[in-house]
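Peer 1: The structure under discussion is supplied below as structure tokens; questions concerning it will follow.
Right, dumping it as structure tokens:
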């Protein structure tokens with residue numbers, strides 16, 4: 114039953130909120146009507162808004178959510194009101210002393226409350242619209258007395274109001290019965306997927322349906338054997354280009370962008386100047402092996418057990434810590450007050466939100482957990498690890514939840530867009546989320562430049578497992594982090610590029626599947642693509658690529674098939690290790706990535722594992738995961754369950770190989786792996 118509306122005092126009978134006399138503080142009567150950064154300009158009528166009594170007289174009483182009805186029925190719920198307000202957008206950035214309100218958006222004839230903690234344990238945002246002449250803001254708990262609230266317009270002009278929790282103010286709570294629960298007015302989410310060889314922008318609707326895509330490659334640099342570098346400005350350039358392309362595509366469809374999510378190649382190290390915004394050195398890529406000897410020294414000194422306990426990682430040059438240490442010492446990068454460090458997500462976030470002019474220097478736990486500087490149990494940067502690698506804490510980014518607002522893009526830095534960045538995750542954790550592996554035990558593999566097997570292990574941190582990594586999958590709001598067990602395979606799709614660019618066996622990467630299918634098997638040929646060492650479960654930085662089993666009868670088709678089968682063999686090694694560690698085999702494997710389009714690969718993978726392989730209908734699951742995280746951050750979707758409901762498979766592959774044949778093939782593969790190990794070690 115709706116609550117009755119009390120007789121309200123006339124405006125003249127109500128004390129107006131106190132406003133400081135500071136000349137910088139503007140009167141709230143008429144804030145400047147600047148265009149909305151997301152939806153654009155709208156007209157502001159000169160007249161006042163329709164009163165709630167008039168709306169009820171017209172028979173258009175709003176429906177209120179029952180949970181909100183209970184909320185406003187309590188005591189001391191009214192935090193603030195503004196008399197006779199006719200305005201454009203203002204944002205309530207912070208309420209001192211109240212923890213349940215993030216901000217409000219006030220427009221002519223409506224008030225949107227973006228609130229946290231009203232209905233769930235996990236903080237979240239719900240949007241409510243109201244139409245009335247006086248504005249009220251509610252929260253769960255309010256201390257008696259008066260508090261001050263700062264409201265800031267888009268021009269950053271502060272407006273101060275006194276909060277009154279008196280009985281007179283509480284009486285106005287009944288007017289909030291005109292509120293009705295509505296979904297946020299959104300059209301699409303754009304994910305920026307900053308990969309190892311290129312950047313993809315990917316737009317999805319609120320139904321999870323892809324709307325637009327754009328992709329650009331950027332140059333790779335190989336200054337010495339085992340060294341891999343990127344120019345961070347190249348990554349930024351193609352990011353802005355793809356963002357502009359997708360914005361144009363969705364704009365032509367009549368769609369608007371509600372938020373941006375970022376996912377990125379992990380472990381790659383970027384250092385830049387806070388004042389100029391320029392990189393201080395080329396980025397050192399995750400594939401780079403230049404710090405292998407330094408990792409050996411740390412291992413010999415007995416530091417690996419501590420590193421394993423704190424980070425869940427192995428002591429390997431793959432991770433960021435030793436790379437960053439190299440830049441600050443052997444690399445000649447000076448440490449000063451203007452130096453900033455970040456993985457690629459941090460670099461893009463900082464640049465897109467303004468760079469030197471107010472850019473946000475932050476990352477999320479999934480990326481922080483790959484630096485070898487972050488304690489994943491305590492969820493803080495580790496002083497002990499920073500000291501070990503001689504890295505100052507001052508250059509590290511702030512760590513924020515993976516889903517939630519990080520900042521708003523600056524139009525001049527982000528292809529003209531001014532939208533919130535509300536989701537960030539490392540590429541493989543984003544793919545796990547995009548594959549809707551939101552329950553413990555669910556497992557995915559992404560066949561990209563490398564391949565990465567991740568299993569959701571819930572919110573309990575296990576002891577380190579030999580050959581595997583424990584990493585943070587994501588953090589949703591203020592709840593506990595979700596962990597994942599991971600096997601990192603350095604080279605899978607990159608071996609296809611090697612066949613194309615290094616050997617000229619194929620002209621296009623798309624030819625690999627048809628060529629491999631020209632032969633019934635690899636003819637006894639095995640390719641171990643340890644071009645930059647071996648990752649899980651071997652962790653051998655000195656392994657090198659090996660081809661064994663070649664005869665006069667070996668053809669291009671056999672070589673192509675051996676490369677495809679190597680992807681499946683390496684994946685099976687990792688999943689076998691995860692199964693041994695957990696005691697349970699995954700019920701199925703969800704796959705994505707460029708190579709997953711090959712039925713031959715998916716079937717061979719199912720045969721080796723003995724479980725069903727399900728290929729995602731939307732292959733861009735990495736970008737999709739970033740979009741889902743951003744959408745959750747802006748309340749486009751209410752829970753991970755909604756993400757799961759939007760996942761579907763385009764094909765399933767069931768095992769069709771005898772156990773004896775599987776054992777024989779894996780035994781031969783492991784013999785080939787042994788021949789590649791420790792090859793380059795002096």
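Numbering (our numbering), first residue to last: 114 to 795.
All C-beta atoms, glycine included, are put in the ideal place defined by N, C-alpha and C.
1) Write down the C-beta distance between residue 706 and residue 561 rounded to the nearest angstrom, noting that I regard them as a contact closer than 8 Å.
2) Assign residue 573 to one of two classes, buried (16 or more other C-beta atoms within 10 Å of its C-beta) or exposed (fewer than that).
3) Fully enclosed by the region 637-668, which beta strand (DSSP E) runs are 3 residues long or longer?
4) Return the chain-ordered ranges of every alpha helix (DSSP H) run that is complete within the region 444-470 and spans a minimum of 4 residues.
5) Which residues bound the beta strand (DSSP E) around residue 567?
6) Touch check for the region 367-386 and the region 441-460: three-plus C-beta pairs under 8 Å?
7) So who's on the other strand from residue 778, going by DSSP bridges?
8) Under the assumption that residue 597 contacts residue 605 (Cβ atoms under 8 Å), give the Cβ distance between them as a whole number of angstroms.
9) Between the beta-carbon of residue 460 and the beta-carbon of residue 474, is there less than 7 Å?
10) Could you have a look at residue 788 and say whether DSSP puts it in helix, strand or coil?
11) Sort out for me which residues DSSP pairs residue 557 with in a bridge.
12) Could you compute how far the alpha carbon of residue 660 sits from the alpha carbon of residue 644?
13) Can you name the residues that DSSP bridges to residue 727?
14) Bridge partners of residue 587, per DSSP?
15) Going by DSSP, what residue range makes up the beta strand (DSSP E) through residue 302?
16) Taking only heavy atoms of the ligand ZN into account, decide whether any of them is closer than 6 Å to the Cβ of residue 663.
17) When you compare the region 316-327 with the region 744-761, are there three or more beta-carbon pairs, one atom per stretch, that lie closer than 8 Å?
18) So what's residue 744 in DSSP terms, helix, strand or just coil?
19) Would DSSP call residue 429 helix, strand or coil?
20) Measuring CA to CA, which of 609, 332 and 686 is closest to residue 711?
21) Short of 6 Å in beta carbon distance, which residues of its chain neighbour residue 761, apart from the five on each side in sequence? Order them along the chain.
22) Going by Cα to Cα distance, which pick from 591, 505 and 569 is closest to residue 553?
23) Less than 7 Å between C-beta atoms, sequence neighbours within five positions excluded: which residues of the same chain meet that for residue 709?
24) Report yes if the C-beta distance between residue 567 and residue 599 is below 7 Å; otherwise report no.
25) What residue range does the alpha helix (DSSP H) around residue 347 cover?
26) Rounded to a whole number of angstroms, what is the C-alpha to C-alpha distance between residue 615 and residue 490?
27) Express the C-alpha separation of residue 765 and residue 508 in angstroms, rounding to a whole number.
28) If you draw a straight line from the alpha carbon of residue 738 to that of residue 477, how long is it in whole angstroms?
29) Since residue 548 contacts residue 703 with CB under 8 Å, what's their CB separation in whole angstroms?
30) Have a look at 336, 692 and 431 and flag the residue whose alpha-carbon is nearest the alpha-carbon of residue 381.
31) Report the CB separation of residue 342 from residue 395 in whole angstroms; it is logged as a contact under 8 Å.
32) For residue 237 and residue 407, what's the separation of their Cα atoms in angstroms?
33) Nearest by alpha-carbon distance to residue 472: which of 350, 720 and 511 is it?
34) Just verifying my parser: in three-state terms, what is the DSSP assignment at residue 517?
35) Take every Cβ of the region 668-677, pair it with every Cβ of the region 630-648, and state whether three or more of those distances are shorter than 8 Å.
36) Taking the alpha-carbon of residue 419 as reference, which of 790, 483, 498 and 657 has the nearest alpha-carbon?
Peer 2: Once the coordinates are examined:
1) 5 Å
2) exposed
3) 639-641 and 659-661
4) 457-465
5) 564-571
6) yes
7) Answer is none; residue 778 lacks a bridge partner.
8) So it is not a contact: roughly 19 Å between Cβ atoms.
9) no
10) helix
11) 567 and 703
12) 12 Å
13) 703 and 765
14) 595
15) 301-307
16) Here there are no bound small molecules, and the ligand ZN is not part of this structure.
17) yes
18) helix
19) coil
20) 609
21) 730
22) 569
23) 560, 715, 728 and 732
24) yes
25) 345-365
26) 43 Å
27) 46 Å
28) 14 Å
29) 5 Å
30) 431
31) 4 Å
32) In this prediction, residue 237 scores a pLDDT of 32, lower than 50, which makes its location untrustworthy; the coordinate-derived value is nonetheless stated afterwards. Near 44 Å, if we compare the C-alpha coordinates of residue 407 and residue 237.
33) 511
34) strand
35) yes
36) 498
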